[in-house]
Amino acid sequence: MNERDLAIGTLEETQTLSGVLWGARSALRTALNEHKPEAGHSRSLLGTTAHTLLCDRYDRVFSCEKFALPDGTAPTEADRQQLVAELSGFDATTMPQLPPGLVIRDNLNGSPGWRQGNVQFLLASAPDGIDHIRWAERSPTKQRVAESSIGQIPVDGDVPSLFGSNPSILIPSLEVPAFTQVTTFIVAYWLDHDLNDFSLALGRSRMNRGGGSPWVWRVELTSTIIRDMDEKTIGDWEPISNDDVRSADAPVRLRPSGADRKAA
71 MNERDLAIGT
81 LEETQTLSGV
91 LWGARSALRT
101 ALNEHKPEAG
111 HSRSLLGTTA
121 HTLLCDRYDR
131 VFSCEKFALP
141 DGTAPTEADR
151 QQLVAELSGF
161 DATTMPQLPP
171 GLVIRDNLNG
181 SPGWRQGNVQ
191 FLLASAPDGI
201 DHIRWAERSP
211 TKQRVAESSI
221 GQIPVDGDVP
231 SLFGSNPSIL
241 IPSLEVPAFT
251 QVTTFIVAYW
261 LDHDLNDFSL
271 ALGRSRMNRG
281 GGSPWVWRVE
291 LTSTIIRDMD
301 EKTIGDWEPI
311 SNDDVRSADA
321 PVRLRPSGAD
331 RKAA
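The working numbering numbers the first residue of the sequence shown as 71 and each following residue consecutively.
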């Protein structure tokens, strides 16, 4: 099994990937909804808000930091109320219920990170688009992570997607039987208030000082969020029609791929 399939399979098997998707959808949608340029909100504020909310949502869904519970402990009603405090009805209802301790907060040199077993992921914003990140201009930590992909040979292929496929991406050739040590991946996100849109991807970053793709491989996740929104059971939350669910908090338009889009 190659590294991409092993990483995604590991996160899917335990539903950690559901937490990644839920957290990103909740955080990025909320950041877009609450951004008010007419009130003086800047693009940099949008980026800061998105990052802050992503950390909050991942700490919530994975029971970390101020939302931490002892491993193996079932959350009480008070714990549950704390987890969903200030969330929208849709976000509160659709939050995956994952066991405490499955994923821990594991920062890397101060960069917020989360880890399930030996699979760790950090956050990275992509103001110019998911496929236009220049790792040499990022923090020393992100640079070292991007330089750690020795042994991966980039070749042309299809974008691996949990919902479909798109052309032109780098995929790993290295077969990996298991993650025997902590391996760090990147959850990258792009959002733009003018377009009212965002994209999400998870992958192995690649140092690209001389140009080229910033990824050894990446899995596009935006379309998976669309699918999950369509499939979720909303329960008692109102309104309950499919049309209303999709437009619950704002007309955020989710598109299948952010590969070639750039922020305005």
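Glycine included, C-beta positions come from ideal geometry on N, C-alpha and C.
These figures come from a predicted structure and were not determined experimentally.
Query, Result
"Which residues DSSP lists as bridging Val-173, in chain order", "Looking at the DSSP assignment, Val-173 forms no beta bridge with any residue, so it has no partner."
"Neighbourhood of Leu-91 by C-beta, 7 Å cutoff - its chain only, sequence neighbours within 5 removed", "Leu-291, Thr-294, Ile-295 and Asp-298"
"Where Ser-275 sits in the DSSP three-state scheme", "strand"
"Separation of Asp-141 from Thr-84, as counted between CA atoms", "15 Å"
"Three or more C-beta pairs below 8 Å linking the stretch 117-134 and the stretch 199-210", "no"
"Beta carbon of Leu-124 nearer than 8 Å to that of Ala-162", "no"
"Cross-strand partners of Ala-109 (DSSP beta bridge)", "The partner list for Ala-109 (beta bridge, DSSP) is empty, contrary to what the question assumes."
"Nearest candidate by alpha-carbon position, reference His-263, set Thr-86, Pro-210 and Ala-101", "Ala-101"
"Residue environment, Ala-109, which counts as buried when at least 16 other CB atoms sit within 10 Å", "exposed"
"Inter-residue spacing [alpha-carbon to alpha-carbon] between Val-173 and Leu-81", "10 Å"
"Beta-carbon gap between Thr-86 and Gln-186 smaller than 8 Å", "yes"
"C-beta contact flag for Asn-179 and Thr-146 at 8 Å", "no"
"Span of the alpha helix (DSSP H), counted from its first residue to its last, around Val-215", "210-216"
"Candidates Asn-188, Ala-94 and Arg-276: closest to Thr-253 by CA position", "Asn-188"
"Exposed unless 16 or more other CB atoms sit within 10 angstroms - verdict on Thr-119", "buried"
"Collapsed DSSP secondary structure at Arg-204 in the structure displayed", "coil"
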